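With UniProt numbering applied, the sequence shown corresponds to residues 1 to 522, in that order.
Here is the structure we will look at, set down as structure tokens.
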Amino acid sequence: MPPRVAGMPPSTYGTLPTASFLNKPRIDFKLLIAIVASGACLSVLLCVTTYNADWSSDVPRMRLAVAPTIPLTYEQLVQPRQVHLAYAGRTPGTGMTVSWATYHRVNDSTLWVGSTPTNLSLATVDAETLSYYADDVYTLYTYHATVRGLTPRSKYFYRVGSASNDSHVSPVYHFHTGRDPGHDDGSSFEIAVYADFGERNAEQTVARLMDLRENFDFIWHVGDISYADNAFHTLNADTAALGFVYEKAYNAWMDALEPAMRVVPYMTTVGNHEAECYSPVCLYSPEKQAQLSNYSAYNTRFRMPSTDSNGAHNMWYSWSHGPVHFISVSSESDYDGAPTNNKGTQVKNGHFGNQLAWLDADLARVNRTNTPWVIVGLHRPLYGLKVFKANGEPKTKHEALLDAFEPVFLKYKVDAVVSGHQHAYERHFPVAHNEPVLAGVSADKTIYESPQAPVYIVSGSCGSTDGHEPYDDVPAQTWNVLYDNVHFGISTLKANRTALEWTFVHSADGVPLDWFVMKKEG
């Protein structure tokens, strides 16, 4: 385990260190609402990315501008932005999807890929163009282009933009393809995994990701991306009813994370805050309801490998990377008793397919010789301190999630399950049927030798609009090892064929606050 900074005690259940974030940067929301005669809110729905003088110029702060005083030029409207990556291909390591956005449609949007920065002639891919929202002053165009036939564990260079205008293209970036489980050399790789990442309380996490991004093979965001649906809460009482900031918040967040997402694949899992816009403006506008409901922004902005894994949009899918098979599923829809995530709109959310049948089939196909580890990500935790009562029983509204997913996790011997939703970090013992399975757990609780049930981890404290989860009234549970609802941080995972090494890293200074390792015979 990395050395702990002196004076920083470990997080333990009920005895947590006190946060002291001096001079903590805060996100500044410039609220310049223009009210026209009809009473409507007129705003240019574009985001301004600014920089703190104390930070690296590559670490943007997220700042919303409801009505920028200087309109964007045409050149700025067609410039590729929010560039991000995701793995693709039925054979791991052979494909990559590159996605980006513009504020004006570019009909000949293209991806170029090559083996050197100066020769991008290896592949040219026409992009698919999508748009989920438009009004009188704003439309965001999202482009997805997937390149296939690549070599696993290889570095490639790429750029995106207009095929006919060299001034409307991005700089040259690079990516590394994934690891083919069939040709695993036993080496370790590292990823970041977290949930509940908003536009407030998250700037230290953004900075930490920028510092560490080249260490990670990929980043996995397990739901609640940008909190665009909650952004109207940042407006004052006089403007909240009129302000429409859903798209502004999403764009500001995507702009801020782009420096990491354009070089490291950014895999996503759906959360409840991806469901819809429920601000007063959206509730009173049938047009906005229709365009911004049922996970439309999430399923348009991102492109996960669901087609390659027979999944459904970005709602559920899987991919393999080295000795690990990763599965992303939806705790938000498509099982008996799933939440509606409907906060007043008239559009029904969900109905993407038979998720549990897909999950069973996907797990049944896993080759445990090539991929001995299976890790599942879903936003709501099956085991979390906030959803269980003092008598150890799950709260009534939580039973449906447990009933839907735990039997299949146990049936196929899933190794670990990562979630968020609770804005804290929690680490648990291996758990089956609400009981800890302690065989192989060391006395100091840091080594899980050949665990006999899934290990559940909650990593929802990288920074959200709501801040940390209050735990004052939360009873202890027999399966909980510790929690931390004081520090903002991310989880990292180092994996090879025989070990999964988990660390909870403090965003402010990179100090490890928790560490444990799961081991398995090779």
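Glycine included, C-beta positions come from ideal geometry on N, C-alpha and C.
Computed from a predicted structure; not experimentally measured.
Nearest neighbour of Y74 by Cα position, chosen from Y317, H168, A88, turns out to be H168. Secondary structure note for Q82: its beta strand (DSSP E) is the uninterrupted segment 81-88.
Put simply, the backbone Cα of W220 is about 21 Å away from that of Y143. Distance from the CA of P339 to the CA of R153, rounded to the nearest whole angstrom, comes to 39 Å.
Its Cα nearest to that of Y173, the residue E214 stands out among V437, L140, E214, I375. R90 is classed as exposed because its beta carbon has fewer than 16 other beta carbons within 10 Å across all chains shown. Under the criterion of beta carbons closer than 8 Å, V441 and V414 do not qualify as touching, at roughly 18 Å. V329 places its beta carbon less than 7 Å from that of L359. Following the DSSP letters along the chain, one finds V417 inside the beta strand (DSSP E) bounded by residues 416-419.
Nearest to E258 by alpha-carbon distance, out of V431, V206, A357, is V206. Contact check for T269 against V222 passes: the beta carbons are separated by less than 7 Å.
Look at F405 here: in three-state DSSP terms it is helix. Under the DSSP definition of a beta bridge, G463 partners with F197. For D136, the number of other beta carbons within 10 angstroms of its own is below 16, and it is reported as exposed. The beta carbon of T478 is closer than 6 Å to those of P436 in its chain, skipping five residues each way along the sequence. Just so you know, the alpha carbons of Q291 and D185 end up roughly 47 Å apart.
DSSP places E501 outside any alpha helix (DSSP H); the residue lies instead in the beta strand (DSSP E), whose first and last residues are 499-506. Rounded to whole angstroms, R368 and V324 show a C-alpha spacing of 9 Å. Nearest Cα to A123 within the set A101, L130, Y132, T151: T151. A straight-line Cα-Cα distance of about 42 Å links D211 and D336.
By a beta-carbon distance limit of 8 Å, V458 does not contact G489. Their separation comes to about 12 Å.
Taking the Cβ atoms as the reference, Y227 lies roughly 14 Å from S461, outside the contact range of under 8 Å. Secondary structure of M254 (DSSP, three-state): helix.
The beta-bridge partner set that DSSP reports for S491 consists of V193, F504. The alpha carbon of T177 has as its nearest neighbour, out of W515, A88, E199, T345, the alpha carbon of A88.
Where P286 is concerned, the enclosing alpha helix (DSSP H) starts and stops at 286-291.
For W358, the enclosing alpha helix (DSSP H) begins and ends at 355-364. The residue from P475, S279, R497 with its alpha-carbon nearest to that of G322 is R497.
In its chain, beyond the 5 residues on either side, A312, M315, W316, V329, S330, S333, D334, Y335 have a beta carbon closer than 8 Å to the beta carbon of Q355. A101 is the residue among D466, A101, Q76 whose C-alpha sits nearest the C-alpha of H84. The DSSP assignment places 109-114, 123-126, 128-130 as complete runs of the beta strand (DSSP E) inside the segment 96-135, in order along the chain (cut-off: 3 residues). Its chain contains Y278, L283 as the residues whose beta carbon lies nearer than 8 Å to that of G344, once the 5 sequence neighbours on both sides are disregarded; these appear in chain order. In this structure P265 is not in contact with R179, their Cβ atoms being roughly 12 Å apart against a cut-off of 8 Å. With a 10 Å radius around the Cβ and a threshold of 16 neighbouring Cβ atoms, N272 comes out buried.
Within the same chain, E276, C277, C282, L283, T345, Q346, V347 come within 8 Å of Q289 by CB-CB distance, once the 5 residues on both sides are set aside.
With a cutoff of 7 Å on beta-carbon distance, V160 and L111 are scored as near each other.
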